[in-house]
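Down below is the structure, laid out as structure tokens.
Protein chains: 2
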Amino acid sequence: MNVTGHTTRPASIRDVADAAGVSYQTVSRVINGHPSVRPATRDRVLTAIKELGFRRNATAHALASGRSRIVTVLTANTTHYGYASILQGIEEAARAASYAVGIGVLESAGEAAVKAEVQRASDAGGGLIVIAYDRAGVRALAAVPAGLPVVGVVETPASPPGGESPWVWADDRAAAHEATRHLLSLGHDTVHYVAIPSSTRRTSARTAGWRQALREAGAAEPRPLQGTWGPAGGYAAGRRLARDPAATAILCGNDDLALGVMRALHEAGRAIPDEVSVAGFDDSPLAAYLTPSLTTVRLDFTGLGRAAFGLLHGVLEESATVAPHPVSAPELVARESSGPRRHPPRHTPRQHPGAVPPT
Amino acid sequence: MNVTGHTTRPASIRDVADAAGVSYQTVSRVINGHPSVRPATRDRVLTAIKELGFRRNATAHALASGRSRIVTVLTANTTHYGYASILQGIEEAARAASYAVGIGVLESAGEAAVKAEVQRASDAGGGLIVIAYDRAGVRALAAVPAGLPVVGVVETPASPPGGESPWVWADDRAAAHEATRHLLSLGHDTVHYVAIPSSTRRTSARTAGWRQALREAGAAEPRPLQGTWGPAGGYAAGRRLARDPAATAILCGNDDLALGVMRALHEAGRAIPDEVSVAGFDDSPLAAYLTPSLTTVRLDFTGLGRAAFGLLHGVLEESATVAPHPVSAPELVARESSGPRRHPPRHTPRQHPGAVPPT
DNA sequence: CCGGGTTGTGTGACCGGTCACATTCATGCG
DNA sequence: CGCATGAATGTGACCGGTCACACAACCCGG
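Right, here's the structure in full:
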């Protein structure tokens, strides 16, 4: 109960041992659930533990045992919805398994900076989860020294460069495929794509799924526009697309981009969805409340995070034959921003008066 | 350079000592920058360190020294922009100071759950930063055992319950005051307020600032509407406010709420800003790209995070007389969603056909 | 040329746990 | 009854660092 308010050194197992009249090793056995401790002894020890308010020193435990029950997450700026949600999922699962969660932000994608960050993360001991949706993440994954337990959260199931490490992914390709088919099925000749920054030199999974759907439909394949992670990139892309009367359907790599695109279209006087349909990606909590509400593909980010932790947990403790970690399949959520093609793209785009780029 | 790819036990200071032909203590001196080591010796040691790829074992260091260079952040779900940004700021500052960042999510506000989470966090050693913008956070701050270094990020500078611990805050009161005055200055009779969940039983800082501005202007003081953190709460509040023809200006506790309010107003056929002005709080990255773009108050969340870490750093290492941690003052960003009062509230609100609550 | 203060370096104990092994005692079986 | 067996508990070393202190070599002044 620790009634005394004094800031005294916390009780150690030897303190508990003295109080219970046993050896420190017996205390160790009790707190680790070792079977061969007589019930009466165990009770005495437990009582002493409670009385002294003993908590096992995590640092000493880690040092002596070599296992640290820590998972460090390497991620980009978590103000982006997807990253934050994955982190959320990891944290949930980690908490349930009594793991501590560390976080390292990959601020620049520079080789050296990434390497340093991986080093720092590995200092914590325990395992690593790298969110490799962007170039920095992919670099980090590649920079993880062999022997360090790591799980990647990747965009595409292809083998990450230079690694045998396990990974999890949401089926971005299928998701993009589905979204594109949705737009095509509304009668659009083709679908333009505004991409998030790709994680690799190669085509991203989202881009691939979009392209595949176009091919299957025999539709033209416009060049994808390169976006950023935030709405600003979407806005820039949207301004260009607004000038193209043939662009009647636009798929965006995430919801933030879609917002920027919609804003640009609006400023250019192009009605959504009557003239142009827009679809996003991720189903952020805001998508449903935009005007028009945003058609998007829901991804199970928290499930992804939980799965990543589950996998890592399995690697760290072979005992924990981790239950299958279900990640829900992507799901199209059709809302107001996508609709049937209506107006043949013939008119001159109106010029909106207040077309000032937002602050 | 560690050319061998073998997963061998990492080098310890004794390994380095052997390689350099000195004692382990000398190695310790070198890595800690102790002055009295002969330059020649230091060089030999440094060479050995480089050759063996030695990195000081953080766990052992923490155990032996009692200082762990870890800061654990206790926060609500970080998918909310403000929380994520604060975390971002903390991480930046922590990285600069070679601190590891741990994170604990306060999922429920239940007394027991919060207490358990605080316990877990304190197990990590090092210091604590509690983001106490909500009830769970405030509870957590109160549950921190005396003697554990902690800094609170709070909504209001009033003393947090039961603590002497230092804290940082953005001046939410001033910010709300400014936003309200902005709306009043546009000619509105009064300003309605949709609140984020309050952190305490008492009136929140934002609510207080809003009320103060109304009083100073001699305006009526409508009852604030209770919202949530996400757009859903704003949507519900917006539906109620849309029925009130006298509600021509609405201030929201955050941008997500504002989005929900705007959606509801839109569905009710009330034009923004011509019939109703809306202002948010936080200036999330999306605010500028909404249609209409959202008038809001920018808060320096990352600065707040950096300041919180700075304060904690000062507590943990008295040497680090932390430089003043500047947190930018809140700044009103006027955009399209707020405008002069135009239509006398006389007409019957139109009923929008597609008024289906979003998914 | 000796004593005292500095500088550079080494030794042993310790942080709070875990691990491998030793010991004691009760039990089962030939 | 003797001895192997296993359960219950204790002892010492160890994880990889730090800390307090001892000690040697050097410098300086008297």
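Residue numbers (this note's numbering), protein chains in the order written: chain A, 1 to 359; chain B, 360 to 718.
The C-beta atom is built at its ideal place from N, Cα and C for all residues, glycine as well.
Source: prediction; values computed, not measured.
>> Within 7 angstroms of any Cβ in chain A, is that where the Cβ of B/ASP482 sits?
In response: Here residue 482 of chain B corresponds to residue number 123 of the second sequence, with the count starting at 1. Taking a beta-carbon distance threshold of 7 angstroms, B/ASP482 counts as an interface residue toward chain A.
> Can you find a C-beta in chain B that's less than 7 angstroms from the C-beta of A/GLU275?
Replying inline: Taking the first sequence and counting its residues from 1, the one referred to as residue 275 of chain A is at position 275. No, its Cβ sits nowhere closer than 7 angstroms to a Cβ of chain B.
> Does the beta carbon of A/LEU139 come closer than 7 angstroms to any beta carbon on chain B?
Replying inline: As a working note, residue 139 of chain A is residue 139 in the first sequence. This sequence places Arg at residue 139 of chain A; Leu is not what is there. No, its Cβ sits nowhere closer than 7 angstroms to a Cβ of chain B.
> Taking C-alpha atoms, which residue in A/VAL151, A/HIS313 and A/VAL194 lies nearest to A/GLU221?
Replying inline: Mapped onto the first sequence, residue 221 of chain A falls at position 221. It is A/VAL194.
>> Can you check whether the C-beta of A/GLY230 is within less than 7 angstroms of a C-beta belonging to chain B?
In response: As a working note, residue 230 of chain A is residue 230 in the first sequence. A/GLY230 counts as touching chain B.
> Would DSSP call B/ILE311 helix, strand or coil?
Replying inline: The question about residue 311 of chain B has no answer here: the residues shown for chain B are numbered 360 through 718.
>> Distance cutoff 7 angstroms, beta carbons only. Does B/LEU618 sit that close to anything in chain A?
In response: Position 259 of the second sequence, counting from 1, holds the residue named residue 618 of chain B. Yes, because at least one Cβ of chain A sits closer than 7 angstroms to the Cβ of B/LEU618.
> Is any beta-carbon of chain B found at less than 7 angstroms from that of A/VAL153?
Replying inline: Within the first sequence, numbered from 1, the residue matching residue 153 of chain A stands at position 153. Chain B, which has no Cβ nearer than 7 angstroms to the Cβ of A/VAL153, makes this no.
> Using a Cβ-Cβ distance under 7 angstroms, would B/HIS420 count as near chain A?
Replying inline: Looking up residue 420 of chain B in the second sequence gives position 61. The beta carbon of B/HIS420 sits no closer than 7 angstroms to any beta carbon of chain A.
> Of all Cβ atoms in chain B, is any one closer than 7 angstroms to the Cβ of A/ARG263?
Replying inline: Walking along the first sequence from the start, residue 263 of chain A turns up at place 263. So yes, A/ARG263 belongs to the interface.
> Run through DSSP, which three-state label would B/LEU487 get?
Replying inline: As a working mapping, residue 487 of chain B is identified with position 128 in the second sequence. Strand, per DSSP.
>> Three or more C-beta pairs under 8 angstroms: does that hold for the region 24–32 of chain A against the region 45–52 of chain A?
In response: In the pairwise beta carbon analysis, the region 24–32 of chain A is classified as touching the region 45–52 of chain A: at least three pairs are separated by under 8 angstroms.
> What does B/ALA450 touch in chain A if you count any residue whose Cβ is under 8 angstroms from its own?
Replying inline: The residue given as residue 450 of chain B occupies position 91 in the second sequence. What sits at residue 450 of chain B in the sequence shown is Glu, not Ala. Ordered by position in chain A, the residues that pass the 8 angstroms Cβ test against B/GLU450 are ILE103, GLY104 and VAL105.
> Taking the DSSP output, what are the residues bridged to A/TRP167?
Replying inline: In the first sequence, residue 167 of chain A corresponds to position 167, counting from 1. A/GLY152, per the DSSP bridge assignment.
> Per DSSP, what kind of secondary structure is B/ARG657 in: helix, strand or coil?
Replying inline: Counting from 1 along the second sequence, the entry for residue 657 of chain B is found at position 298. Strand, per DSSP.
>> Going by C-alpha to C-alpha distance, which of A/GLN88, A/THR228 and A/ASP43 sits closest to A/ILE103?
In response: Reading the first sequence from its first residue, position 103 is the one you call residue 103 of chain A. With distances taken between Cα atoms, A/ILE103 lies closest to A/GLN88.
> In three-state terms, what does DSSP make of B/TYR552?
Replying inline: Your numbering for residue 552 of chain B matches position 193 in the second sequence. Three-state DSSP puts B/TYR552 in a strand.
> Are at least three pairs of beta-carbons, each pair with one atom in the region 430–438 of chain B and one in the region 640–652 of chain B, less than 8 angstroms apart?
Replying inline: No, they do not touch.
>> Checking 7 angstroms against the spacing of the C-beta atoms, do A/VAL105 and A/LEU312 come in under that value?
In response: Sequence index remark: in the first sequence, residue 105 of chain A carries index 105 (1-based). Sequence index remark: in the first sequence, residue 312 of chain A carries index 312 (1-based). In terms of Cβ geometry, A/VAL105 and A/LEU312 do not form a close pair [threshold 7 angstroms].
> Should the region 611–628 of chain B be regarded as contacting the region 208–216 of chain A, the criterion being three or more beta carbon pairs within less than 8 angstroms?
Replying inline: These segments do not touch.
> When you compare only the Cα positions, how much space is there between A/SER85 and A/GLY303?
Replying inline: By one-based count along the first sequence, residue 85 of chain A stands at place 85. By one-based count along the first sequence, residue 303 of chain A stands at place 303. About 9 angstroms.
>> So B/LEU670 contacts chain A; which residues on that side make the cut at Cβ distance below 7 angstroms?
In response: Counting from one through the second sequence, the residue named residue 670 of chain B turns up at place 311. Going along chain A, no residue has its Cβ under 7 angstroms from B/LEU670, so there is no contact; the nearest lies around 20 angstroms.
>> By the three-class DSSP mapping on this structure, what secondary structure does A/ASP15 have?
In response: To locate residue 15 of chain A, count along the first sequence from 1; it is residue 15. A/ASP15 falls in the helix class under three-state DSSP.
>> Cβ closer than 7 angstroms: which chain A residues qualify as neighbours of B/SER444?
In response: For the purposes of this step, residue 444 of chain B is identified with residue 85 of the second sequence, where counting begins at 1. Close partners of B/SER444 in chain A (Cβ separation under 7 angstroms): THR79.
>> Using C-beta distances below 6 angstroms, list every residue in its chain close to B/SER481, excluding the 5 sequence neighbours before and after it, in chain order.
In response: Your numbering for residue 481 of chain B matches position 122 in the second sequence. The answer, listed in chain order, is LEU507.
> Buried or exposed: where does A/GLU117 fall if 16 or more other Cβ atoms within 10 Å of its Cβ makes it buried?
Replying inline: As a working mapping, residue 117 of chain A is identified with position 117 in the first sequence. By the 10 Å Cβ count, A/GLU117 comes out buried.
> Cα separation between A/VAL130 and A/VAL150?
Replying inline: For the purposes of this step, residue 130 of chain A is taken as residue 130 along the first sequence, with counting starting at 1. For the purposes of this step, residue 150 of chain A is taken as residue 150 along the first sequence, with counting starting at 1. Near 7 angstroms, if we compare the C-alpha coordinates of A/VAL150 and A/VAL130.
>> Quick check on A/ALA268: does DSSP put it in helix, strand or coil?
In response: The residue labelled residue 268 of chain A in the question sits at position 268 within the first sequence. Coil at A/ALA268, not helix or strand.
> Where does B/GLY713 land, buried or exposed, given buried means 16+ other C-beta within 10 angstroms?
Replying inline: Translated into the one-based positions of the second sequence, residue 713 of chain B becomes position 354. Residue placement at B/GLY713 cannot be trusted, given a pLDDT of 42 that sits under 50; the coordinates are not used to answer.
>> Against A/TYR289, what residues of chain B qualify as contacts under a CB-to-CB distance less than 7 angstroms, listed in chain order?
In response: As a working note, residue 289 of chain A is residue 289 in the first sequence. By Cβ distance, chain B contributes PRO590, TYR594, LEU618, GLY619, ARG622 and PRO717.
>> If you reduce the DSSP assignment to three classes, tell me which class B/GLU470 lands in.
In response: The sequence position of residue 470 of chain B within the second sequence is 111, counting from 1. Helix at B/GLU470.
> Taking Cβ positions, are A/SER337 and A/VAL278 nearer each other than 7 angstroms?
Replying inline: Reading the first sequence from its first residue, position 337 is the one you call residue 337 of chain A. Reading the first sequence from its first residue, position 278 is the one you call residue 278 of chain A. Result yes, Cβ atoms of A/SER337 and A/VAL278 sit closer than 7 angstroms.
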